[in-house]
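Down below is the structure, laid out as structure tokens.
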Amino acid sequence: MQTHAMAETDPADETSLRYMGWRIVAALFLVQISIFGFGLYGQGVYVAELRRLNDWPTGLIATGSTLCLVLGSLLSMFVSDLLRWIGPRSLVLAGVAALATGLVLLASADSLLHLYAGFVVLALAWVGLGTITAAAIVGAWFDRKRGLAISLTFTGATFSGILLMPGLVLLVEATGFRHALDIAAAVLAIVLVPVVAIMVRFPRAGERRIAEAVHAAPPLSRADLLRDPGFWSLTAPFAFAILVQVAFIVHQISILTPVIGFQSAGGAVSLTTAMSLVGRITLGLVADRVAPRRAAAVSILSQAAALSVLGLSTSTTGLFLACAVFGFSMGNLITLPALIVQREFPSNAFSVVLGLSIGIAGVINACGPATMGLLRDITGGYATPIFIGVAIQVASALAVLAAPRGTHAAVVLDRRMS
8 MQTHAMAETD
18 PADETSLRYM
28 GWRIVAALFL
38 VQISIFGFGL
48 YGQGVYVAEL
58 RRLNDWPTGL
68 IATGSTLCLV
78 LGSLLSMFVS
88 DLLRWIGPRS
98 LVLAGVAALA
108 TGLVLLASAD
118 SLLHLYAGFV
128 VLALAWVGLG
138 TITAAAIVGA
148 WFDRKRGLAI
158 SLTFTGATFS
168 GILLMPGLVL
178 LVEATGFRHA
188 LDIAAAVLAI
198 VLVPVVAIMV
208 RFPRAGERRI
218 AEAVHAAPPL
228 SRADLLRDPG
238 FWSLTAPFAF
248 AILVQVAFIV
258 HQISILTPVI
268 GFQSAGGAVS
278 LTTAMSLVGR
288 ITLGLVADRV
298 APRRAAAVSI
308 LSQAAALSVL
318 GLSTSTTGLF
328 LACAVFGFSM
338 GNLITLPALI
348 VQREFPSNAF
358 SVVLGLSIGI
368 AGVINACGPA
378 TMGLLRDITG
388 GYATPIFIGV
398 AIQVASALAV
408 LAAPRGTHAA
418 VVLDRRMS
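Per the working numbering, the very first residue in the sequence shown carries number 8; after that it's consecutive.
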């Protein structure tokens with residue numbers, strides 16, 4: 008009876024709603040809404056409004072946006088070091104400060120130098136608030152339920168597109184661009200600072216059964232990983248699959264408008280985003296029971312099939328169905344790399360592997376919109392870039408199924424622990 012009573016109040020029981028790890032998930036869910044809403048989806052608003060207010064060329068403003076995403080990806084490779092040096096709470100609070108400061112700088116930008124400074128600070132926010140940091144913190148709290156926990160955390164990214172973005176547009180229309188971003192920065196700080204200060208931390212002794220074991224093994228270095236075939240079998244397929252995904256997201260309205268009209272194209276975008284949420288929730292329910300590489304291959308192939316329909320069909324119904332299928336896997340391609348890292352690499356290497364992988368992939372992803380736009384200009388339409396994207400995704404789906412055994416990283420780890 009005493010043993011049973013202890014089990015019911017075990018602070019390390021991941022299946023209990025009272026487990027502290029689920030509060031961490033809730034806090035970082037809010038963080039993901041903020042960074043994706045203001046750091047990614049909001050950039051379309053920034054580009055349009057800054058061009059209107061300052062009469063700057065769209066290309067120059069968009070260059071700042073690209074700089075933000077590329078620099079954020081590169082710097083995020085060092086999240087594991089920052090977590091070790093300053094801890095999760097300080098890192099996330101620094102990210103909140105950078106996001107609020109970046110919004111204020113963009114709101115008051117009156118020169119291109121000022122504009123680029125705002126985008127650089129926004130890039131720093133990605134280091135403290137982005138998916139690598141969130142996955143590393145959540146991953147430290149979970150073992151058996153890590154897949155579900157990470158998937159639920161990343162659902163915040165989808166909610167940002169559904170809830171925060173329309174709210175930002177309404178706020179801009181009501182108060183003007185500059186005031187809207189200032190208000191957003193203030194609300195961001197008021198909401199997130201106390202949540203992060205109170206909630207976000209790594210587990211203490213006794214709060215997670217394997218916490219001590221996680222930190223006992225020596226970590227893998229980035230040099231080890233760059234020589235590891237298993238690392239590249241994870242990084243390369245997702246890098247190119249998400250390159251196609253990002254390119255489609257940016258060009259989706261332009262692809263659909265000539266066929267179904269602007270309003271219907273906007274509806275298709277909303278459907279795509281909503282299905283991304285459905286896909287994330289579905290993956291979260293089964294994440295700890297599926298083989299993540301197989302799930303990734305199926306997801307990528309489903310997007311390839313959807314793109315094929317988008318490249319060939321002129322039926323409104325067919326195009327909407329294709330957008331729904333594409334959207335279902337959209338969020339999961341962000342979540343699945345973390346699940347693969349969890350299964351295939353040592354626990355203490357989680358943030359190093361994920362940070363380096365997503366950092367490299369992020370630089371490649373950032374080239375997607377420009378590449379599709381260039382191919383469209385060269386060929387005179389979207390058909391060729393769409394089917395090049397299909398070929399890339401089929402190759403990526405096949406590549407992600409190839410998981411090398413006896414990889415360099417595993418050998419190095421065994422040698423260090425012996």
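Where a beta carbon is used, it is the ideal one built from N, C-alpha and C, also for glycine.
Span separating the alpha-carbon of residue i from that of residue j
i       : j       : result
Ile-40  : Gly-94  : 22 Å
Leu-78  : Asn-61  : 25 Å
Ala-272 : Met-282 : 15 Å
Ala-114 : Ala-124 : 12 Å
Pro-392 : Ala-377 : 11 Å
Gly-318 : Phe-394 : 7 Å
Gly-388 : Ser-320 : 14 Å
Arg-300 : Gly-135 : 28 Å
Trp-133 : Phe-85  : 12 Å
Trp-158 : Ala-164 : Here residue 158 turns out to be Ser, not Trp, going by the sequence shown. The straight-line gap from Cα to Cα measures roughly 10 Å.
Cys-374 : Thr-22  : 41 Å
Ile-428 : Leu-81  : There is simply no residue 428 to check, as the chain begins at 8 and stops at 425 in what is shown.
Arg-185 : Ser-364 : 36 Å
Glu-214 : Arg-25  : 12 Å
Lys-152 : Ala-246 : 26 Å
Leu-122 : Ala-192 : 16 Å
Ser-240 : Ile-347 : 11 Å
Pro-64  : Leu-381 : 18 Å
Ser-261 : Ala-275 : 12 Å
Val-203 : Thr-160 : 14 Å
Val-401 : Gly-325 : 21 Å
Leu-227 : Thr-242 : 16 Å
Val-221 : Leu-74  : In this predicted model, Val-221 has a pLDDT of only 41, less than 50, meaning its place in the structure is not dependable; the value taken from the coordinates is given anyway. In a straight line, the C-alpha of Val-221 is about 35 Å away from that of Leu-74.
Val-54  : Trp-92  : 35 Å
Gln-50  : Pro-344 : 25 Å
Asp-189 : Asp-117 : 15 Å
Arg-234 : Phe-352 : 14 Å
Ala-156 : Asp-295 : 10 Å
Gly-174 : Leu-90  : 32 Å
Ala-417 : Arg-229 : Confidence in Ala-417 is poor, its pLDDT being 48 and thus under 50, which makes the residue's placement too unreliable to answer from.
Arg-58  : Ile-68  : 7 Å
Leu-100 : Ala-187 : 22 Å
Leu-292 : Leu-120 : 46 Å
Phe-126 : Asp-150 : 36 Å
Ala-322 : Asn-339 : Note on residue identity: the sequence assigns Ser, not Ala, to residue 322. If I take the Cα positions, the gap works out to 27 Å.
Leu-232 : Phe-269 : 46 Å
Presumed contact (8 Å Cβ cut-off) between residue i and residue j, rounded CB distance
i       : j       : result
Leu-195 : Leu-76  : Contact flag wrong, Cβ pair sits at about 20 Å.
Val-397 : Ser-315 : 5 Å
Phe-327 : Leu-278 : 6 Å
Gly-146 : Val-128 : Going by Cβ atoms, the distance from Gly-146 to Val-128 rounds to 27 Å, so no, they are not a contact pair.
Ile-307 : Ala-248 : 5 Å
Ser-83  : Gly-137 : 6 Å
Val-176 : Val-266 : The Cβ separation is near 25 Å, so there is no contact.
Arg-96  : Arg-208 : 6 Å
Ala-313 : Phe-333 : 4 Å
Ala-143 : Leu-290 : Rounded, the Cβ-Cβ distance is 19 Å, inconsistent with contact.
Thr-162 : Leu-284 : 7 Å
Leu-178 : Leu-37  : Not really, about 18 Å apart at Cβ, beyond 8 Å.
Classification of residue i by the beta-carbon crowding that lies within 10 angstroms, buried from 16 upward
i       : result
Ala-34  : buried
Val-359 : buried
Val-253 : buried
Ser-72  : buried
Pro-201 : exposed
Ile-42  : buried
Phe-45  : buried
Gln-259 : buried
Gln-349 : buried
Ile-385 : exposed
Ile-399 : buried
Below-8 Å beta-carbon distance, residue i vs any chain C residue
i       : result
Ser-358 : As a matter of chain content, chain C is missing from the structure shown, which is built from one protein chain.
Fully enclosed by the stretch 378-418, which alpha helix (DSSP H) runs are 4 residues long or longer? Under the rule that a run must span 4 or more residues, the alpha helix (DSSP H) segments found entirely inside the stretch 378-418 read 390-407.
Please list the segments of the beta strand (DSSP E) lying wholly inside the stretch 167-217, counting only runs of 3 or more residues, in order along the chain. With a minimum length of 3 residues, no continuous beta strand (DSSP E) run stays inside the stretch 167-217.
Ignoring anything shorter than 4 residues or poking outside the stretch 308-373, list the alpha helix (DSSP H) runs there in chain order. Segments of the alpha helix (DSSP H) lying fully in the stretch 308-373: 323-337, 339-351 and 357-372.
Could you give the uninterrupted runs of the alpha helix (DSSP H) lying entirely in the stretch 20-74, keeping only those of 4 residues or more? Unbroken alpha helix (DSSP H) runs of no fewer than 4 residues, entirely contained in the stretch 20-74, are found at 27-43 and 50-61, following chain order.
What are the start and end residues of each continuous alpha helix (DSSP H) run of 4 or more residues lying completely inside the stretch 253-319, in chain order? Segments of the alpha helix (DSSP H) lying fully in the stretch 253-319: 269-293 and 299-319.
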